[in-house]
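Worksheet for the structure shown next.
Residue numbers (the working numbering): 1161 to 1344.
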(Lines of atoms letter the chains of each structure in order from A and count residues from 1; the text may use other names and numbers.)
(Lines give C-alpha, C1' and ligand atoms only; values in the text may rest on other atoms or scores of the structure.)
Protein backbone atom coordinates (compact mmCIF):
# COMPACT_ATOMS: atom_id res chain seq x y z
CA UNK A 1 0.00 0.00 0.00
CA UNK A 2 1.34 3.42 -0.96
CA UNK A 3 1.44 6.51 1.23
CA UNK A 4 -1.20 9.08 0.39
CA UNK A 5 -0.37 12.81 0.30
CA UNK A 6 -0.91 13.16 4.06
CA UNK A 7 1.36 10.16 4.70
CA UNK A 8 4.09 11.59 2.49
CA UNK A 9 3.91 14.90 4.37
CA UNK A 10 4.04 13.10 7.75
CA UNK A 11 7.01 11.00 6.62
CA UNK A 12 8.88 14.03 5.29
CA UNK A 13 8.36 15.92 8.57
CA UNK A 14 9.52 12.97 10.65
CA UNK A 15 12.53 12.37 8.40
CA UNK A 16 13.64 15.99 8.81
CA UNK A 17 13.36 15.80 12.59
CA UNK A 18 15.07 12.42 12.90
CA UNK A 19 17.88 13.46 10.54
CA UNK A 20 18.76 16.15 13.10
CA UNK A 21 19.69 13.32 15.50
CA UNK A 22 22.53 12.43 13.09
CA UNK A 23 21.77 8.71 12.97
CA UNK A 24 24.58 6.31 12.08
CA UNK A 25 22.26 3.70 10.59
CA UNK A 26 18.69 3.28 9.35
CA UNK A 27 16.96 -0.09 9.12
CA UNK A 28 13.44 -0.64 7.93
CA UNK A 29 10.69 -3.12 7.40
CA UNK A 30 10.61 -4.11 3.75
CA UNK A 31 6.88 -3.35 3.57
CA UNK A 32 6.30 -0.43 1.22
CA UNK A 33 5.02 2.31 3.54
CA UNK A 34 7.83 1.81 6.04
CA UNK A 35 10.42 1.58 3.27
CA UNK A 36 9.31 4.85 1.65
CA UNK A 37 9.41 6.57 5.04
CA UNK A 38 12.87 5.19 5.84
CA UNK A 39 14.27 6.17 2.46
CA UNK A 40 13.24 9.80 3.06
CA UNK A 41 15.35 9.76 6.22
CA UNK A 42 18.17 7.91 4.49
CA UNK A 43 18.39 10.59 1.79
CA UNK A 44 18.49 13.42 4.34
CA UNK A 45 21.07 11.64 6.53
CA UNK A 46 23.12 10.38 3.57
CA UNK A 47 22.70 6.80 4.75
CA UNK A 48 21.87 3.57 2.97
CA UNK A 49 18.65 2.09 4.31
CA UNK A 50 18.91 -1.60 5.18
CA UNK A 51 15.64 -3.45 4.61
CA UNK A 52 14.93 -6.24 7.07
CA UNK A 53 11.77 -8.36 6.85
CA UNK A 54 12.08 -9.10 10.58
CA UNK A 55 10.70 -5.58 11.16
CA UNK A 56 7.42 -6.35 9.36
CA UNK A 57 4.12 -5.84 11.14
CA UNK A 58 2.50 -8.71 12.99
CA UNK A 59 0.82 -11.10 10.57
CA UNK A 60 -2.85 -11.25 11.56
CA UNK A 61 -3.69 -14.69 10.16
CA UNK A 62 -7.48 -15.02 9.91
CA UNK A 63 -7.77 -11.40 11.11
CA UNK A 64 -5.51 -10.02 8.34
CA UNK A 65 -7.24 -7.31 6.31
CA UNK A 66 -10.25 -7.00 8.64
CA UNK A 67 -11.13 -3.82 10.50
CA UNK A 68 -11.23 -3.89 14.31
CA UNK A 69 -15.04 -3.74 14.10
CA UNK A 70 -15.11 -6.80 11.83
CA UNK A 71 -12.72 -8.71 14.10
CA UNK A 72 -14.81 -7.83 17.17
CA UNK A 73 -17.94 -9.05 15.43
CA UNK A 74 -16.44 -12.35 14.27
CA UNK A 75 -13.98 -13.11 17.10
CA UNK A 76 -15.28 -11.06 20.05
CA UNK A 77 -13.83 -13.01 22.96
CA UNK A 78 -10.42 -13.62 21.41
CA UNK A 79 -10.11 -10.04 20.20
CA UNK A 80 -10.97 -8.57 23.60
CA UNK A 81 -8.44 -10.87 25.25
CA UNK A 82 -5.82 -9.84 22.65
CA UNK A 83 -6.49 -6.13 23.24
CA UNK A 84 -6.01 -6.66 26.98
CA UNK A 85 -2.64 -8.38 26.59
CA UNK A 86 -3.39 -12.08 26.10
CA UNK A 87 -1.29 -13.64 23.40
CA UNK A 88 -4.15 -15.44 21.65
CA UNK A 89 -3.47 -14.79 17.99
CA UNK A 90 -6.00 -15.61 15.31
CA UNK A 91 -5.64 -18.83 13.36
CA UNK A 92 -2.46 -18.59 11.29
CA UNK A 93 -1.33 -15.38 13.02
CA UNK A 94 1.88 -14.53 14.83
CA UNK A 95 1.94 -14.14 18.57
CA UNK A 96 3.42 -11.06 20.20
CA UNK A 97 6.36 -13.00 21.59
CA UNK A 98 7.47 -14.17 18.16
CA UNK A 99 7.10 -10.69 16.71
CA UNK A 100 9.13 -9.25 19.59
CA UNK A 101 11.91 -11.81 19.17
CA UNK A 102 12.29 -11.25 15.44
CA UNK A 103 12.17 -7.44 15.68
CA UNK A 104 14.66 -7.35 18.56
CA UNK A 105 16.97 -9.65 16.58
CA UNK A 106 16.89 -7.20 13.65
CA UNK A 107 17.63 -4.26 15.94
CA UNK A 108 20.38 -6.10 17.81
CA UNK A 109 22.06 -7.16 14.56
CA UNK A 110 21.94 -3.58 13.24
CA UNK A 111 23.42 -2.19 16.46
CA UNK A 112 26.65 -4.08 15.75
CA UNK A 113 27.40 -1.43 13.11
CA UNK A 114 26.60 1.55 15.37
CA UNK A 115 29.08 3.14 17.77
CA UNK A 116 28.29 2.92 21.52
CA UNK A 117 27.03 6.51 21.57
CA UNK A 118 25.51 6.42 18.07
CA UNK A 119 21.88 6.41 17.01
CA UNK A 120 20.07 3.69 15.11
CA UNK A 121 16.67 4.42 13.59
CA UNK A 122 14.48 1.35 13.07
CA UNK A 123 11.43 2.05 10.89
CA UNK A 124 8.71 -0.48 11.58
CA UNK A 125 4.99 -0.71 12.36
CA UNK A 126 2.90 -0.15 15.49
CA UNK A 127 2.43 -3.73 16.67
CA UNK A 128 5.98 -4.75 15.82
CA UNK A 129 7.33 -1.66 17.58
CA UNK A 130 5.28 -2.34 20.71
CA UNK A 131 6.44 -5.96 20.81
CA UNK A 132 10.09 -4.99 20.28
CA UNK A 133 9.96 -2.29 22.95
CA UNK A 134 8.23 -4.54 25.47
CA UNK A 135 10.83 -7.26 24.89
CA UNK A 136 13.77 -4.84 25.05
CA UNK A 137 12.52 -3.35 28.31
CA UNK A 138 12.09 -6.82 29.81
CA UNK A 139 8.38 -6.30 30.47
CA UNK A 140 6.20 -9.33 30.99
CA UNK A 141 4.59 -10.08 27.63
CA UNK A 142 1.11 -9.73 29.14
CA UNK A 143 2.05 -6.10 30.01
CA UNK A 144 3.19 -4.98 26.57
CA UNK A 145 -0.18 -3.38 25.95
CA UNK A 146 0.63 -0.76 28.62
CA UNK A 147 2.65 0.83 25.84
CA UNK A 148 0.11 2.86 23.94
CA UNK A 149 -0.13 2.67 20.17
CA UNK A 150 2.08 4.75 17.91
CA UNK A 151 0.53 7.44 15.73
CA UNK A 152 1.57 7.53 12.09
CA UNK A 153 5.19 8.66 11.68
CA UNK A 154 5.78 8.94 15.42
CA UNK A 155 8.52 7.14 17.27
CA UNK A 156 9.89 5.88 20.55
CA UNK A 157 13.34 6.61 21.91
CA UNK A 158 15.21 3.95 23.84
CA UNK A 159 18.62 4.21 25.43
CA UNK A 160 20.86 1.30 26.28
CA UNK A 161 22.40 1.45 29.74
CA UNK A 162 24.57 -0.93 31.73
CA UNK A 163 21.46 -2.42 33.35
CA UNK A 164 19.41 -2.76 30.14
CA UNK A 165 17.19 -0.61 28.00
CA UNK A 166 15.33 2.50 29.15
CA UNK A 167 12.32 4.08 27.43
CA UNK A 168 12.95 7.82 27.15
CA UNK A 169 10.02 8.81 24.90
CA UNK A 170 7.04 7.03 23.40
CA UNK A 171 4.70 8.12 20.59
CA UNK A 172 6.91 11.16 20.10
CA UNK A 173 6.60 13.58 17.25
CA UNK A 174 9.32 15.99 18.34
CA UNK A 175 13.00 15.69 19.17
CA UNK A 176 13.98 14.42 22.62
CA UNK A 177 15.04 17.05 25.12
CA UNK A 178 16.89 16.56 28.42
CA UNK A 179 14.56 16.07 31.36
CA UNK A 180 15.15 17.80 34.70
CA UNK A 181 15.87 15.23 37.37
CA UNK A 182 17.50 12.82 34.92
CA UNK A 183 20.04 10.92 36.95
CA UNK A 184 22.74 11.04 34.29
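Ideal Cβ positions, reconstructed from N, Cα and C, are used throughout, including at glycine.
Contact belief for residue i with residue j at Cβ below 8 Å, rounded distance in angstroms
{"i": "residue 1295", "j": "residue 1261", "result": "7 Å"}
{"i": "residue 1238", "j": "residue 1250", "result": "7 Å"}
Beta-carbon proximity list for residue i, same chain, < 7 Å, skipping 5 on both sides
{"i": "residue 1192", "result": "1161 and 1162"}
{"i": "residue 1263", "result": "1214, 1215, 1284, 1288, 1291 and 1292"}
Residues bridged to residue i [DSSP beta-bridge criterion]
{"i": "residue 1321", "result": "1324"}
{"i": "residue 1329", "result": "1317"}
{"i": "residue 1210", "result": "1187"}
Boundaries (first-last residue) of the alpha helix (DSSP H) holding residue i
{"i": "residue 1196", "result": "1192-1205"}
{"i": "residue 1168", "result": "1165-1179"}
{"i": "residue 1237", "result": "1236-1243"}
Cβ shell of residue i (< 6 Å), same chain only, five flanking positions each side left out
{"i": "residue 1259", "result": "1218, 1288 and 1291"}
{"i": "residue 1199", "result": "1209"}
{"i": "residue 1212", "result": "1187 and 1266"}
Three-way DSSP call (helix, strand, coil) for residue i in this model
{"i": "residue 1222", "result": "helix"}
{"i": "residue 1274", "result": "coil"}
{"i": "residue 1297", "result": "helix"}
{"i": "residue 1266", "result": "helix"}
{"i": "residue 1280", "result": "strand"}
{"i": "residue 1292", "result": "helix"}
Same chain, Cβ closer than 8 Å to residue i, neighbours up to 5 away in sequence not counted
{"i": "residue 1233", "result": "none"}
{"i": "residue 1334", "result": "1177"}
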